[in-house]
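Numbering (the UniProt record's numbering), first residue to last: 1 to 144. Okay, structure first, notes after.
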Amino acid sequence: MSVVVWITEGTWAACVDAALRRTPAGERLVLLHVTDDDVADAAHGAFAGLLGRGHGPRDPGTRVEELARAAAEELADRAAARLGRPAERMLLHGRTGQEVVAASAGAGLLVCARDGDLAVPGPHTLGPATRFVVDHATCPVLLV
């Protein structure tokens, strides 16, 4: 079985620490990051709407995708360094909640964190993607 650690910009350190405390040394670890396509899609659409299709090399959506990929790789590097042991990396893009549920199917555990409004206890402490994952994951979920 594997332990999937869903890393996001604001909560990755807590998830990595929780996975370290609950995962035996020989257990397979997977660092999962999902880049939502919404921002790049909006940039592509805005550019096409303003200048028409066929202006690919100057499309700002392409640059947004490159920056998002670089940020995801940097976050995975930081998480792997904090983890201090071998881990597989899964850097995906798409609809975040759906990608996390699909990537964690068959895992022994999915580690994720509260990412909503932490000032008020209750259901709003989960952002929309995390709520989707908690509701739809097919494996046990550790909510940090």
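Beta carbons are placed, not taken as given, at the ideal position from N, Cα and C, and that holds for glycine. Just so you know, these numbers come straight off a predicted model, no measurement behind them.
| Asked | Found |
| --- | --- |
| Separation of D135 from A103, as counted between CA atoms | 15 Å |
| Continuous alpha helix (DSSP H) assignments of at least 4 residues falling wholly in the UniProt domain "UspA" (25-144) | 38-51, 60-83, 96-104, 128-136 |
| Bridge-paired residues (DSSP) for V4 | V30, L110 |
| When V100, P140, G106 are compared against I7, the one with the closest alpha-carbon | V100 |
| Residues near A80 by beta carbon distance below 8 Å, same chain, minus five either side | L31, A87, R89 |
| Whole-angstrom C-beta distance between T35 and H93, which should lie under 8 Å | 4 Å |
| Cα-Cα separation between A13 and A119, rounded to whole angstroms | 20 Å |
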